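Visitor:
Chains as they are written, first to last, in this note's numbering: chain A, 1 to 286; chain B, 287 to 697.
(1) For a contact defined as C-beta to C-beta under 7 angstroms, what are the partners of residue 430 of chain B on chain A?
(2) Closer than 9 angstroms by beta-carbon distance: list the chain B residues that pair up with residue 258 of chain A, in chain order.
(3) Consult DSSP for residue 263 of chain A and reduce its assignment to one of helix, strand or coil.
(4) Please classify residue 697 of chain B as buried or exposed, where buried requires at least 16 other C-beta atoms within 10 Å of its C-beta.
(5) Excluding the 5 residues preceding and the 5 following residue 28 of chain A in the sequence, name in chain order all residues of the same chain whose CB lies nearer than 7 angstroms to its CB.
(6) Could you give the DSSP three-state label for residue 405 of chain B: helix, strand or coil?
(7) Which chain A residues sit within Cβ distance under 9 angstroms of residue 610 of chain B?
(8) Give me the Cα-Cα distance between residue 598 of chain B and residue 35 of chain A, rounded to the nearest whole angstrom.
(9) Which chain A residues sit within Cβ distance under 9 angstroms of residue 474 of chain B?
(10) Are residue 107 of chain A and residue 211 of chain A closer than 8 angstroms when you measure CB to CB?
(11) At the level of alpha carbons, what is the spacing between residue 229 of chain B and residue 547 of chain B?
(12) Taking just the CA atoms, how far does residue 378 of chain B sit from residue 630 of chain B?
(13) With which residues is residue 133 of chain A paired in a DSSP beta bridge?
(14) Could you check where the beta strand (DSSP E) with residue 690 of chain B kicks off and where it finishes?
(15) Apart from the five residues on each side of it in sequence, which residues of its chain come closer than 6 angstroms, Cβ to Cβ, to residue 436 of chain B?
(16) Taking the beta carbon of residue 683 of chain B as the centre, do at least 16 other beta carbons fall within 10 Å, making it buried, or is it exposed?
(17) Say whether chain A places a C-beta atom closer than 8 angstroms to the C-beta of residue 680 of chain B.
(18) Listed in chain order, which residues of the segment 543-561 of chain B have Cβ atoms closer than 7 angstroms to some Cβ of chain A?
(19) Need the endpoints of the alpha helix (DSSP H) that residue 547 of chain B sits in, please.
(20) Just to confirm the assignment, what range does the alpha helix (DSSP H) spanning residue 2 of chain A have?
(21) Given a limit of 7 angstroms on CB to CB distance, which residues of the segment 226-240 of chain A reach chain B?
(22) Mapping DSSP to helix, strand and coil, what is residue 231 of chain B?
(23) Quick check: the segment 564-576 of chain B against the segment 644-664 of chain B, are there 3 or more CB pairs under 8 angstroms?
(24) Is the shortest distance between the beta-carbon of residue 285 of chain A and the beta-carbons of chain B less than 8 angstroms?
(25) Quick check: is the beta carbon of residue 288 of chain B nearer than 8 angstroms to any beta carbon in chain A?
(26) Can you confirm whether the segment 388-399 of chain B touches the segment 351-360 of chain B when touching is taken to mean that 3 or more C-beta pairs between the two stretches lie within less than 8 angstroms?
(27) Using 8 angstroms as the cut-off, can you tell me whether the segment 87-97 of chain A makes contact with the segment 71-79 of chain A, which would need three or more C-beta pairs spanning the two stretches below that distance?
(28) Reducing DSSP to helix, strand and coil, say where residue 348 of chain B ends up.
(29) Quick one: list the residues of chain A neighbouring residue 347 of chain B, beta-carbon separation under 7 angstroms, in chain order.
(30) Can you pull the chain A residues whose beta carbon is under 8 angstroms from the beta carbon of residue 572 of chain B, in chain order?
(31) Report the three-state DSSP secondary structure of residue 379 of chain B (helix, strand or coil).
(32) So, for residue 463 of chain B: in the same chain, excluding its five sequence neighbours on each side, which residues have a beta-carbon less than 6 angstroms away from its beta-carbon?
(33) So, under 8 angstroms CB-CB, residue 20 of chain A and residue 151 of chain A are touching, yes? Tell me the CB distance rounded to an integer number of Å.
(34) I want to verify the contact list: residues of chain C whose CB lies under 9 angstroms from the CB of residue 252 of chain A, in sequence order.
(35) Name the one or two DSSP bridge partners that residue 533 of chain B has.
(36) How would you list, in chain order, the residues of chain A whose beta-carbon sits under 7 angstroms from the beta-carbon of residue 707 of chain B?
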C-alpha cells in the first residue's frame, strides 16, 4: 500500500516533467502541440541508444536537450502562420508532424520494443517501507521535485518569466514595448519541447522505448493538463501527482476497474471544474 | 533500400543477358516438368506454378513477427529450390498491419487482384476470423501461421482455414497440468492483459490446472496496450500471498513485466511462469538478466535437440546474419512444408482439393519442433517446458522437459 503511494509519486513527477511543457505551450502560447508525445519518444530512443553508463546517460540527456530545443523552435516557426487560425488547424499540423516523426523513429531505431537500462548504481533495488523498490524511481522523485521548483521559479519569479506571462496577457502591448514576441514564442516552445525530450530520457528506464508509446504518453499528458489547468506550472504538478496516485493506488485498490479509473478521474474533474483544478477562472478555457 | 543501384550500362547488359537465357530455361522446364502454365489453377499435379499470398505484418507492433514469418517461409523455399514438388512457387507478399482494418483488405487484395491459389500468414486472431467469408466465397485455402485464437479451428472452423502454429489454450494448458503436478496445487496467481488472447490463456491454464487438482489463488487482468507500469499489480500479487505467478504477455508488455517483476523483488521469492511468448524472440535480449530463471511452455525453442532442428537453426543463422530462429520462423517454415506435402497428392489448387490433401498428410516428421500432426486442422504437437538460462553469455530458452503431445483444448 505505502509502496504504491511512493510509486505514485515517482510516476507523478515523471508525468509532471512530461506534461509541464505541453501545458506551457498550450496555456501560454495557445498552440496545442500534439507532437509532444513524439518528442518524448525521441528522448526515450536516445536513451535506449546511448544509456548504459553514466557518461552515456548524461550524453543522452544533453543531446535530448539540444534536440528538444531545436525541434521546439522548428515547431514554433511552423505553427506561426497558423497563429490566427483555430486550435484545430494547429492540432492537425502538429499531429501530422507527430506521425512523420514516429515513422522516422521506426526507420532509425527499428520497430522492436527496446528497454533502456538505468545508469549504473541506480539499476538495482533498495528496501523501502518494507518492500523492494527500484532505486532509479526513488531518484526520479528527487529529480522531478527539483525540476518542478526550477520551472516554477523561472516562470513566476524571473524577468524572462514575467516577459512570457506578459506576452500571454497582451501580445500587442509587449510588441509595442519593443519585444519580438515571435522570439518569446520560439523560446517557450523550445523549452517546452526540451522538457518533453528530457522526460523521454528520464522515463526510458521505466517506460522503455517502442512504437506507439508516443500516443500513450500524449494522452497521459493531455489528461494531466486538463485536470491541472492550462498554462499553470502548479496545475501541471498537481495534475501529474493526482494522476500518478490514481494510476497506481487506484489500480491496486480497484484492479478490475484498471482501464477506467484514470478517465473516471478526468470525467469527474471536467464535470465539477471544467477549467481544471488550478485553471484561472475560465481565462484560457476557450 | 538506400543502396538500390541505379540502372547502369553494365546492369542493363546483364539484364538483357538474363532475358536471353529465359527461353532456354523454359525449354528445359517444358521437357522436364510439362511446361510453365503461367498463373496456377490449372496445374492439377503435373507441374506449373502455385501462387501463394504471404500476408504478414510489415508495419505496426507485430512487424518483428512478420520478419520472422517471412524468413521462415523463404528459408524453406530456398532449401527446396523454390518448388513444391513440380510446382514452381511464386510468392506475393502483402502487409497485414496490426489488425482486421488492414489485414482483411490485404487478404482480399492477394486473392482478388493477385489471383493467388493459397494464402499463408496472419498474426492477428481477429483478422484470421474476419477473412472466413472471403475465403469461403473464393474457395481458397488459408494456412494461419500464428493467430492462436481457439475459435479459428473450433467454433468458427471451416475446411478452408488450417493452422500451422498453436492455440492460446494449448500452450497454457500444458503449463497448468505441469504446475498442478509439481508442488503448486495452491497459491498460483494468474495475470494477463484484458483482451481475447489473454482470456483464452487464463481459461486454458485454469481448466488444465484444476483438472490436475490445483486451485487458482486469484487472477488479475491488466489494460491491454496501455499498461506501462505494473507496480500496482505486482504489489497485488505480493499481498495475495502468491507462491507462484503464471502470466501471458508478449512484445513490449513482456519486456516491462519481466523487468519490473525483478525490480520490485518478486523474482527472488515468487517464481514466474508464463506462456512461451513471454521470453520468445527479440524480447529476451531486452529483458536481459531479469529473465533468468523464468519458466515457460511453448511448442518450440531453438534449443530443441533433434537433427531437424539443428540443421534448421544452422541454416537460419547462416541465411540471416547469425540471428536465431523463433517459433514464428518455424510456423511459416512448417506451413511451406505441409503445403509441399499436400500438393504431392492434391488433384487441384482450389481450397476443397487442398483441404482434402492436407487432411491426408499424416505426421510431419521432419519439423524443427519435433513430429506433429493435424488434428481438427490445427497442430497436435509436443509442448516443451523451457527455462531462461545464460549459455556462454547468451540468454536462451533451455529445454527443461518435453511435456508430451498436447491437443487443442476442448471447448
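All C-beta atoms, glycine included, are put in the ideal place defined by N, C-alpha and C. This structure is a prediction, so every number in the text was calculated from the model and none was measured.
Guide: Let me spell this out:
(1) Near residue 430 of chain B there are no residues of chain A at all, since even the closest Cβ is about 22 angstroms away, more than 7 angstroms.
(2) In chain order: 480, 506, 507, 508, 509, 513, 518, 519.
(3) Of the three classes helix, strand and coil, the one that applies to residue 263 of chain A here is helix, per DSSP.
(4) Residue 697 of chain B is exposed by the Cβ-count criterion.
(5) Here the set comprises 164, 168, 188, 231.
(6) Of the three classes helix, strand and coil, the one that applies to residue 405 of chain B here is strand, per DSSP.
(7) Those do not exist, as residue 610 of chain B stays about 14 angstroms from chain A at its closest Cβ, beyond 9 angstroms.
(8) Taking the straight line from one Cα to the other gives about 45 angstroms.
(9) None at all; the shortest Cβ gap to chain A is about 17 angstroms.
(10) Cβ atoms of residue 107 of chain A and residue 211 of chain A: not closer than 8 angstroms.
(11) The structure shown has nothing for residue 229 of chain B, since chain B only spans 287 to 697.
(12) Distance between the alpha carbons of residue 630 of chain B and residue 378 of chain B is about 22 angstroms.
(13) DSSP output for residue 133 of chain A lists A:126 as bridge partner(s).
(14) Run containing residue 690 of chain B: 680-692, per the beta strand (DSSP E) assignment.
(15) For residue 436 of chain B, same chain residues with a beta-carbon under 6 angstroms away, outside a window of 5 residues either side, are 453, 455, 486 in chain order.
(16) Result: buried.
(17) Chain A, which has no Cβ nearer than 8 angstroms to the Cβ of residue 680 of chain B, makes this no.
(18) Going along the segment 543-561 of chain B in chain order, one finds 545, 549, 550, 551 with a Cβ nearer than 7 angstroms to chain A.
(19) 537-549 is the span of the alpha helix (DSSP H), which, as asked, contains residue 547 of chain B.
(20) Annotation: the continuous alpha helix (DSSP H) that includes residue 2 of chain A extends over 2-29.
(21) Within the segment 226-240 of chain A, no residue has its Cβ closer than 7 angstroms to any Cβ of chain B.
(22) Outside the displayed range of chain B (287 to 697) lies residue 231 of chain B, so it cannot be described from this structure.
(23) The segment 564-576 of chain B vs the segment 644-664 of chain B: no contact.
(24) Summary for residue 285 of chain A: the model assigns pLDDT 36, below 50, so the residue's position carries little reliability; its value from the coordinates is reported in the next sentence. Closer than 8 angstroms: no.
(25) Annotation note: pLDDT 43 at residue 288 of chain B (below 50); position unreliable, coordinate value reported separately. Taking 8 angstroms as the threshold, the shortest C-beta distance from residue 288 of chain B to chain A does not fall below it.
(26) Output reads no: the segment 388-399 of chain B does not touch the segment 351-360 of chain B.
(27) Contact between the segment 87-97 of chain A and the segment 71-79 of chain A is present, because at least three Cβ pairs lie under 8 angstroms.
(28) Residue state, collapsed to three classes: coil.
(29) By Cβ distance, chain A contributes 211, 212.
(30) Within chain A, the residues placing a beta-carbon under 8 angstroms from that of residue 572 of chain B are 112, 113, 114, 115, 208, ordered along the chain.
(31) The answer is strand: DSSP assigns residue 379 of chain B an E or B state.
(32) For residue 463 of chain B, same chain residues with a beta-carbon under 6 angstroms away, outside a window of 5 residues either side, are 494, 498 in chain order.
(33) Right, the Cβ-Cβ distance comes to about 6 angstroms (below 8 angstroms), so this counts as a contact.
(34) Judged by its chain identifiers, the structure shown contains no chain C, and its protein chains are A and B.
(35) B:477, B:560.
(36) Any answer about residue 707 of chain B is impossible in this case: the structure gives chain B only from 287 up to 697.
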